[in-house]
Amino acid sequence: MWKKVLLSTGLLACLTCPQFTSDAYTILMHQTDTNLNLTYPLVYLENETAQNKVNTEIAVYVDKMRDLYYNEKMYTVNLNYETTYEDDNYLSLLITSGWYNGKSAHGYYTSQGLVFDKHTGNLIPASNYVHLKDDEQLYKLVIEGMLPVFSSREYQLQYNEFMIPDKKIAIRYNNYVLLGEGKLAMLYQPYEISYYANGVTRIVFTPEKIEYINRLNK
């Protein structure tokens, strides 16, 4: 998979120096073409099987963006990433993908959180940490101010900035990031719970709120 991603169409770009972590390191990868700019990590772990799982998952998002550019003929395509948290056991990445067809008023972008177990390479769902009852409960916790929501610019949203007519917020056990200090954030794409201008929004769970919610739903 990675050989295909890195070598096909001759778009192998530069590698930076490895970024060393506790028991892993990453190499920053770049692929560029006219109006195509992809930046993503190649992750090395002590466990080769886990390493292959992590890199195969990341490659899914790289391949999607290359397909948008070369096959669906999007005018502009970008991908970048951020390491939001890492320790001896977990690696949390935020993959942000953007594209523009050259015709609409603006482009669009999405963010995907990937939290890996560094020993197995498996993705860890947010249900490993917090147990919500249902979408209605998450909506209530947000609207009542129990759980803060932040824009992509780290601005906390106010009540009148939400767009949730059905009074439900989908629980994103499979799209979240770890933030450190026991915090996690579920991710929502533009228009899902607020205006496009607020970008990808985050519902933030602190350790205290996680403990409260888990007790509530025992």
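Heads up: the sequence shown is residues -21 to -1, 1 to 197, going by mature numbering (1 follows the signal peptide of the UniProt record, and there is no 0). Cβ atoms here follow ideal geometry from the backbone N, Cα and C, with glycine treated the same way.
Between the C-alpha atoms of residue i and residue j, what's the straight-line distance to the nearest angstrom?
i	j	result
residue 98	residue 42	25 Å
residue 67	residue 77	31 Å
residue 136	residue 145	19 Å
residue -5	residue 28	Only weak support is given to the placement of residue -5: the predicted model assigns it a pLDDT of 43, under 50, and the question is left unresolved by the model.
residue 84	residue 170	15 Å
residue 45	residue 54	12 Å
residue 6	residue 79	28 Å
residue 52	residue 108	40 Å
residue 131	residue 197	33 Å
residue 160	residue 71	13 Å
residue 112	residue 126	15 Å
residue 182	residue 121	8 Å
residue 189	residue 110	8 Å
Just checking my contact of residue i with residue j at CB under 8 Å: how many whole Å lie between their CB atoms?
i	j	result
residue 40	residue 91	7 Å
residue 166	residue 157	With a Cβ gap of about 12 Å, residue 166 and residue 157 do not count as contacting.
residue 64	residue 15	The pair is not a contact, with the Cβ atoms about 29 Å apart (cut-off 8 Å).
residue 155	residue 94	7 Å
residue 173	residue 129	That belief does not hold up - the Cβ atoms of residue 173 and residue 129 are roughly 10 Å apart, past 8 Å.
residue 18	residue 58	7 Å
residue 148	residue 114	6 Å
Look up residue i in the DSSP assignment and give the residues it is bridged to.
i	result
residue 68	None, per the DSSP bridge assignment.
residue 18	9
residue 60	74
residue 55	79
residue 96	69
residue 91	74
residue 183	164
residue 102	95
Within 10 angstroms of the Cβ of residue i, are there 16 or more other Cβ atoms? Answer buried if so, exposed if not.
i	result
residue 25	exposed
residue 103	buried
residue 143	exposed
residue 151	buried
residue 60	buried
residue 105	buried
residue 180	buried
residue 36	buried
residue 32	buried
residue 211	The first residue shown for the chain is -21 and the last is 197, placing residue 211 beyond what the model contains.
residue 177	buried
Mind pulling the alpha helix (DSSP H) runs of 4 or more residues that sit fully within the region 124 to 181?
-> none
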